[in-house]
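Residue numbers for the sequence shown follow our numbering, so the first one is 556 and each next one is one higher. Here's the structure we're looking at; comments come further down.
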Amino acid sequence: MWGAMVEQDPSATGGDFDGAVHRPVLPLQVLRALGGDEPTALRGCVVDGTLGAGGHASLVLQHFPHVTLLGVDQDPQILEHAQRTLAPFGRRVRVRRGRMSQLDALLDREAPQRVVGVLFDLGASSLQLDNGARGFSFLADGPLDMRMDPERERTAADIVNGWDEQDLADLFFYEGGETRSRKIARAIVDSRRRATFQRTGALADLIERTVGGRSAKLHPATKVFQALRRAVNEEGDELLAGLAAAERWLVDGGRLAVISFHGGEDSEVKRFLVDGAQRGQWRALTKKPLGPERDELLYNRRSRSALLRFAERVRQSAPGAGA
Ligand SMILES: C[S@@+](CC[C@H](N)C(=O)[O-])C[C@H]1O[C@@H](n2cnc3c(N)ncnc32)[C@H](O)[C@@H]1O
556 MWGAMVEQDP SATGGDFDGA VHRPVLPLQV LRALGGDEPT ALRGCVVDGT LGAGGHASLV
616 LQHFPHVTLL GVDQDPQILE HAQRTLAPFG RRVRVRRGRM SQLDALLDRE APQRVVGVLF
676 DLGASSLQLD NGARGFSFLA DGPLDMRMDP ERERTAADIV NGWDEQDLAD LFFYEGGETR
736 SRKIARAIVD SRRRATFQRT GALADLIERT VGGRSAKLHP ATKVFQALRR AVNEEGDELL
796 AGLAAAERWL VDGGRLAVIS FHGGEDSEVK RFLVDGAQRG QWRALTKKPL GPERDELLYN
856 RRSRSALLRF AERVRQSAPG AGA
């Protein structure tokens, strides 16, 4: 049953958006993580805190017939898309706009009866990345924006044009893993004295000129763009707040599943779960993060860097409960 449902349509409910498609990554692994192998036994509410196009949400609702879903995302444009994707599930779904850092307050308002699962599929959706007008892409020229929530004040242009050289270098190194961070930061600061950066294309070109051409695998601007996106959307703080909300809301035995696309982010989730196990609040169910199987790599390139960890909420202080 697990395989059959996804194999029929690997893109599942990812859907189109200005021609772009978002396919939910690690679909089978996420379903297993949330509900074990007994779909009809799971009863309660699953919170998808990074709803995106509703791809995972749709799979969850199809797979677990007694589950309702509360889907939350900070991006109003993406939510319109999710609403359409999830409409066939009627009253089993509620879709709300909000950030992971607002999840706790949002759940207070929505008061779901029994939260049996929480899913975070971190980072940006392909629908955001592939849309040049949103400013995430070094391939499609657009305004240097990168805000997932348009109500945030600070854009990527504000950081690139406003931060000093040392802060830019640290950002590119620590948040993007860019080892040529100093060279790139220096080139940005030199160049912006003549004209500030307003477009993704201008920044990508400068990085390419500074550190050399495109390698077969990775565009030279990839890591800087990732670091900027993480800073604009405060992704580190958002994750910690989301994990804390999951701890507060999950029932005993409820499952948390987190998909990261960044080693630092995965380490943060691991740290949270190790600490949670020591506090007797979580039982980690993955020692190492799970990645895609070979089949998925063939139809969804984005899955190649996906890392899934999942864990069970432990509410009784049972002796020996731990990772
Ligand atoms: C990778 S996509 C999720 C895709 C989704 N699982 C699917 O299958 O369609 C990540 C989504 O999370 C949202 N997001 C990222 N950080 C967020 C945050 N801190 N709070 C709320 N939503 C966030 C983004 O706007 C994006 O739509």
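Positions of the beta carbon are idealized from the N, C-alpha and C atoms, including for glycine.
request  = Assuming L658 contacts G797 (C-beta within less than 8 Å), just tell me the rounded distance between them.
outcome  = 6 Å
| message | Looking at the strands, I want to know which residues DSSP matches up with F675. | response | V813
Inset, instruction - Out of G731, E593, R764, point me to the one whose CA is closest to S746's CA. - result: R764
TODO: Output the distance between the C-alpha atoms of H636 and T623, rounded to the nearest integer angstrom.
DONE: 19 Å
Runs of beta strand (DSSP E) lying entirely within the region 800-864, each at least 3 residues, in chain order:
With a minimum length of 3 residues, the unbroken runs of beta strand (DSSP E) contained wholly in the region 800-864 fall at 805-815, 837-839.
G610 versus A588 - alpha carbon distance: If I take the Cα positions, the gap works out to 16 Å.
*asked:* Give me the residue from F752, R702, D628 with the minimum Cα distance to Q781.
replied: R702
Is E562 buried or exposed, if buried means 16 or more other CB atoms sit within 10 Å of its CB?
In this predicted model, E562 has a pLDDT of only 34, less than 50, meaning its place in the structure is not dependable enough to derive any value.
Inset, instruction - Please go through the same chain and pick out, in chain order, the residues whose beta-carbon is closer than 7 Å to the beta-carbon of S815, but skip the five residues on each side of it. - result: L677, D821, V824, L862
- Message: If you follow the alpha helix (DSSP H) that G626 is in, where does it begin and where does it stop?
- Response: Not the alpha helix (DSSP H): G626 falls in the beta strand (DSSP E), residues 622-628.
query = Helix, strand or coil: how does DSSP classify P643 here?
reply = helix
Checklist entry - Would the C-beta of G610 count as close to ligand 1, meaning under 7 Å from any of its heavy atoms? => result yes
* **Cut-off 8 Å between Cβ atoms - residues of its own chain near D725, not counting five sequence neighbours on either side** => S736
Quick one: what does DSSP say V779 is sitting in, helix, strand or coil? For V779, the secondary structure class from DSSP, reduced to helix, strand or coil, is helix.
Alpha carbon to alpha carbon, how far is D628 from F752? Give it in angstroms, no decimals. 29 Å
Is G570 buried or exposed, if buried means 16 or more other CB atoms sit within 10 Å of its CB?
Caution applies to G570, whose pLDDT of 42 falls short of 50 and renders its modelled position unreliable; the model cannot decide the point.
If you run the structure through DSSP and keep just helix, strand and coil, what is D603? Here D603 sits in strand by DSSP.
Self-check item: Between the CA atoms of L625 and L641 - distance to the nearest angstrom
Solution: 11 Å
>> Let me confirm a value: H817 is counted as buried when at least 16 other C-beta atoms fall within 10 Å, else exposed. Which label applies?
In response: buried
Notebook entry, point to check: If we count the other Cβ atoms within 10 Å of its Cβ and call it buried at 16 or more, is D603 buried or exposed?
Noted result: buried
For this session: Alpha carbon to alpha carbon, how far is D792 from V829? Give it in angstroms, no decimals.
Result: 18 Å
message = Could you check whether A711 and G690 sit closer than 8 Å to each other, using their CB atoms as the reference points?
response = yes
Check: To the nearest angstrom, how far is it from the Cα of I633 to the Cα of R652?
Finding: 10 Å
Handout entry: Closest Cα partner of H621 within the set P844, T595, R864, F865
Key = T595
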